[in-house]
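Chemist: Top line first, the protein sequences correspond to chains A and B. The first sequence stops at residue 121 when you use my numbering, and every number in between is there. The second sequence stops at residue 128 when you use my numbering, and every number in between is there.
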Amino acid sequence: GQSLEQPSEVTAVEGAIVQINCTYQTSGFYGLSWYQQHDGGAPTFLSYNALDGLEETGRFSSFLSRSDSYGYLLLQELQMKDSASYFCAVRGSSNTGKLIFGQGTTLQVKP
Amino acid sequence: DAGVTQSPTHLIKTRGQQVTLRCSPKSGHDTVSWYQQALGQGPQFIFQYYEEEERQRGNFPDRFSGHQFPNYSSELNVNALLLGDSALYLCASTRALSYEQYFGPGTRLTVT
Numbered sequence: 011g012q013s014l015e016q017p018s019e020v021t022a023v024e025g026a027i028v029q030i031n032c033t034y035q036t037s038g039f040y041g042l043s044w045y046q047q048h049d050g051g052a053p054t055f056l057s058y059n060a061l062d063g064l065e066e067t068g069r070f071s072s073f074l075s076r077s078d079s080y081g082y083l084l085l086q087e088l089q090m091k092d093s094a095s096y097f098c099a100v101r102g103s104s105n106t107g108k109l110i111f112g113q114g115t116t117l118q119v120k121p
Numbered sequence: 017d018a019g020v021t022q023s024p025t026h027l028i029k030t031r032g033q034q035v036t037l038r039c040s041p042k043s044g045h046d047t048v049s050w051y052q053q054a055l056g057q058g059p060q061f062i063f064q065y066y067e068e069e070e071r072q073r074g075n076f077p078d079r080f081s082g083h084q085f086p087n088y089s090s091e092l093n094v095n096a097l098l099l100g101d102s103a104l105y106l107c108a109s110t111r112a113l114s115y116e117q118y119f120g121p122g123t124r125l126t127v128t
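(1) Within a Cβ cutoff of 8 Å, which residues of the same chain sit near residue 90/A, ignoring the five residues on either side of it in sequence?
(2) Would you mind sorting residue 109/A into buried or exposed? The rule is 16 or more other CB atoms within 10 Å of its CB.
(3) Would a check of beta-carbon distances place residue 55/B closer than 8 Å to chain A?
(4) Beta carbons nearer than 8 Å to chain B: which residues of the segment 74 to 94 of chain A have them?
(5) Beta strand (DSSP E) containing residue 62/B: first to last residue?
(6) Say whether chain A places a C-beta atom closer than 8 Å to the C-beta of residue 21/B.
(7) Span of the beta strand (DSSP E) holding residue 26/B?
(8) Are the beta-carbon atoms belonging to residue 81/B and residue 41/B less than 8 Å from one another?
(9) Suppose the cutoff is 8 Å on Cβ atoms and the five residues either side in sequence are ignored; what does the same chain contact list for residue 27/A look like?
(10) Taking the straight line between their C-alpha atoms, what separation do you get for residue 82/A and residue 116/B?
(11) Quick one: which chain B residues come within Cβ less than 8 Å of residue 21/A?
(12) Give the secondary structure of residue 91/A by DSSP, where H, G and I count as helix, E and B as strand, and everything else as coil.
(13) Measuring straight from C-alpha to C-alpha, what distance separates residue 47/B and residue 95/A?
As structure tokens, this is what we get:
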């Protein structure tokens, strides 16, 4: 089967750093993406890793280790507006871009 | 530049009925994917359309069908609605094989 595992909830304080882990087991792997979704809103793209290593985009960084089938999203200098659900998603096919999503991690940022 | 748009925003249907949801992709995008997101879950891939053809399909029954028009917009049709079809239906568009998918705000379908 195909599965992605991520923690269901994470809580952190404003200004702190938080890491959201994702492990995956899929029949095809062509990259790991991260999406943010506020309550009732559209998922928005945060980052993408096709190769091992760290990708940095402003306050957000994402890491991938293909040998460990593992990745994480790192959020720095947390702000209240970062409270949302975060999904890791595997690109399961090279020619269609089909995304296989995890169940999501709800991040609550407290003052 | 308008992003991905979907209509309607909300819809209430009765079990056994049929529904059509619509999606207009972001300008310049030619590929449209549909996802179903149940409450508290991650989006589940339904199918993807490219060049007016269904290119790949997820584990959804034939009650779910779709169409893509020459202007790249797309429709999702669901027949014989079940209570379990209640969910947020998301449309995502992308340009060819780009890894970044742009999602619309979704259509909230409630089946009673």
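Even glycine gets a Cβ: it sits at the ideal position worked out from N, Cα and C.
Modeler: A quick look at the data gives this:
(1) Numbered from its first residue, the first sequence carries residue 90/A at position 80. Excluding positions up to five away in sequence, the list reads 24, 119, 121.
(2) Position 99 of the first sequence, counted from the start, is the residue given in the question as residue 109/A. So residue 109/A ends up on the buried side.
(3) Indexing the second sequence from 1 puts residue 55/B at position 39. Taking Cβ atoms only, chain A never reaches closer than 8 Å to residue 55/B, which makes this a no.
(4) none
(5) As a first step, residue 62/B is located in the second sequence; it is residue number 46 there, counting from the start. Its beta strand (DSSP E) spans residues 60 to 66.
(6) Numbered from its first residue, the second sequence carries residue 21/B at position 5. It does not: the Cβ of residue 21/B has no partner Cβ on chain A nearer than 8 Å.
(7) On the second sequence, position 10 is the one that residue 26/B refers to. Unbroken beta strand (DSSP E) run through residue 26/B: 26 to 29.
(8) Against the second sequence, residue 81/B aligns to sequence position 65. Against the second sequence, residue 41/B aligns to sequence position 25. No, they are not a contact pair.
(9) By 1-based counting over the first sequence, the position of residue 27/A is 17. These residues qualify, in order along the chain: 84, 85, 86, 87, 88.
(10) The sequence position of residue 82/A within the first sequence is 72, counting from 1. The sequence position of residue 116/B within the second sequence is 100, counting from 1. Distance between the alpha carbons of residue 82/A and residue 116/B: 18 Å.
(11) On the first sequence, position 11 is the one that residue 21/A refers to. Those do not exist, as residue 21/A stays about 17 Å from chain B at its closest Cβ, beyond 8 Å.
(12) What you label residue 91/A is simply residue 81 of the first sequence in a count that begins at 1. Helix.
(13) Within the second sequence, numbered from 1, the residue matching residue 47/B stands at position 31. Within the first sequence, numbered from 1, the residue matching residue 95/A stands at position 85. Each residue's alpha carbon lies about 25 Å from the other.
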